[in-house]
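One structure is given below, encoded as C-alpha cells.
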Amino acid sequence: DSYVELERTTVTYGREPNVVRALAETSLRIAKGDFVALVGPSGCGKSTILKLVGGILRASSGYVYVAGREVDAEPVRIGMAFQNPTMLPWLTIRDNVMMPLKIVPPFRGEYRRKRKTEFRDRVEALLAQVGLKGFGDKHPWQLSGGMLQRASLCRALVHDPQLLLLDEPFGALDQFTREELWSIMQQLWITRRPTVLLVTHDLREAGYLANRICVMSARPGRIVDDRVFEAPRPRT
Ligand code: ADP
Ligand code: ADP
29 DSYVELERTT VTYGREPNVV RALAETSLRI AKGDFVALVG PSGCGKSTIL
79 KLVGGILRAS SGYVYVAGRE VDAEPVRIGM AFQNPTMLPW LTIRDNVMMP
129 LKIVPPFRGE YRRKRKTEFR DRVEALLAQV GLKGFGDKHP WQLSGGMLQR
179 ASLCRALVHD PQLLLLDEPF GALDQFTREE LWSIMQQLWI TRRPTVLLVT
229 HDLREAGYLA NRICVMSARP GRIVDDRVFE APRPRT
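Each residue of the sequence shown is one higher than the one before, starting from 29 at the first, in the UniProt record's numbering.
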C-alpha cells in the first residue's frame, strides 16, 4: 500500500567502459503523506532516486511507481526544487513561479478560464511568505542564489503538489533563513500533508522535518538504515 515505490531499481550512467552504477536493485516503499529524508555521502544515489520518482530519468531495470502507476503519465501533481534552481531567464520571478499553474492539470484548465489576478495573488502570497515580497517583477539574474532558491521553492509549492521532491533546497541559505523555511515547510506538511522526499546533508534538517529518515551508504544505492519517527505536531 505504498504511494511511491522503487522495486529492484537499477540505474547506470554512461557507456562501457565508463559505466557508473548509481542504483543497484534498490527497493524503497514510501507511504502516502510521509516526509522522508534521504541522507548519505555524496554520490550514493540520492539525487538519482529523486529524478526517477520525478520521471526525469528512466531506470535501466526494475520499476518505479507513483500512486500505483509507472511514473509516465501525470499520475499526481509533483513539485520539485533543486539545489541549483533553474529559472527561465526571460521571464520574471512571478512568471517563473506561476509556471506550474499554466502547465499542470487541473490548474492548466483553470488558468485558461479564470481571471489571472487570482493566480497572481496566490504567487504574491507565497513570495511574501519566503521573504521575497516585491521581487516578483525582477528577473532571475537580479536575485542572489539564496533568493532564487526561495523562489524555486515557491514554484515547487504553487500548484499544491501531492508529491514534493526536494534536493537540498535550503543549501544556499543562511542559517536564519533556512530555519524560517523549515518552519514554513513543516507547517505546510502538517496542513496539506503532501508526500515529501527530501535529499539533505543536514541531519538537523532531516530530524526537524522528516518523520522517516533513510540513510544510504557510500556503496551506491544501498539503504543501510531506515527509521520512522513520530510525526511533528503543529506548534501552539
Ligand atoms: P550532490 O547534490 O549530492 O552534491 P553532486 O554534486 O555529486 O550531487 O551532483 C550534482 C548533479 O551533477 C547530479 O545530480 C548529477 O546529475 C550531476 N553529476 C554528478 N556526477 C556526475 C558525473 N560524474 N558526470 C556527469 N554529471 C554528474
Ligand atoms: P547523490 O545525490 O547521492 O550525491 P547522485 O544520484 O547524484 O548521488 O549520483 C550517484 C552516482 O552516479 C555518483 O557516482 C555520480 O557521480 C553518478 N552520476 C550521477 N549523475 C551522473 C551523470 N549524469 N553522468 C554520469 N554519472 C552520474
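Note that the Cβ used here is the ideal one computed from N, Cα and C, for glycine as well.
Source: prediction; values computed, not measured.
Query: Per DSSP, the bridge partner or partners of R240; Result: V64 and V256
Query: First and last residue of the uninterrupted alpha helix (DSSP H) at S180; Result: G173 to L185
Query: Contact under 8 Å by Cβ, L56 with I251; Result: yes
Query: The segment 209 to 227 in contact with the segment 116 to 129 per 3-pair CB rule at 8 Å; Result: no
Query: Separation of I241 from D254, as counted between CA atoms; Result: 6 Å
Query: Counted within 10 angstroms of its Cβ, other Cβ atoms place I58 as buried (16 or more) or exposed; Result: buried
Query: Uninterrupted beta strand (DSSP E) stretches inside the segment 88 to 172 (no shorter than 3 residues); Result: 89 to 94 and 106 to 109
Query: Spatial neighbours of T264 in its chain, beta-carbon cut-off 8 Å, leaving aside the 5 residues before and after; Result: For T264, the pLDDT reaches just 47, beneath the cut-off of 50, and the residue's location in the model is therefore unreliable, although a value from the coordinates is still provided. Cβ neighbours of T264 beyond the five flanking positions: none.
Query: Where R178 falls, given that 16 or more other Cβ within 10 Å makes a residue buried; Result: buried
Query: Buried versus exposed, by CB contacts within 10 Å (16 or more), T223; Result: buried
Query: According to DSSP, residues forming a beta bridge with V32; Result: I58 and V94
Query: T120 and K161 closer than 8 Å at C-beta; Result: no
Query: Where R206 falls, given that 16 or more other Cβ within 10 Å makes a residue buried; Result: buried
Query: Sheet register partners of R49 (DSSP bridge); Result: T40
Query: S172 classed as buried or exposed, judged by whether at least 16 other C-beta atoms fall within 10 angstroms; Result: exposed
Query: Short Cβ contact (8 Å threshold) for L237 with Q214; Result: yes
Query: Residues that DSSP places opposite V227 in a beta bridge; Result: L66 and D195
Query: Neighbourhood of E33 by C-beta, 6 Å cutoff - its chain only, sequence neighbours within 5 removed; Result: R57 and Y93
Query: Reduced DSSP category for I251 - H, G, I as helix; E, B as strand; rest coil; Result: strand
Query: Alpha-carbon to alpha-carbon, G42 and M108; Result: 25 Å
Query: Alpha-carbon to alpha-carbon, R136 and E53; Result: 37 Å
Query: Sub-8 Å separation of G90 and S245 beta-carbons; Result: no
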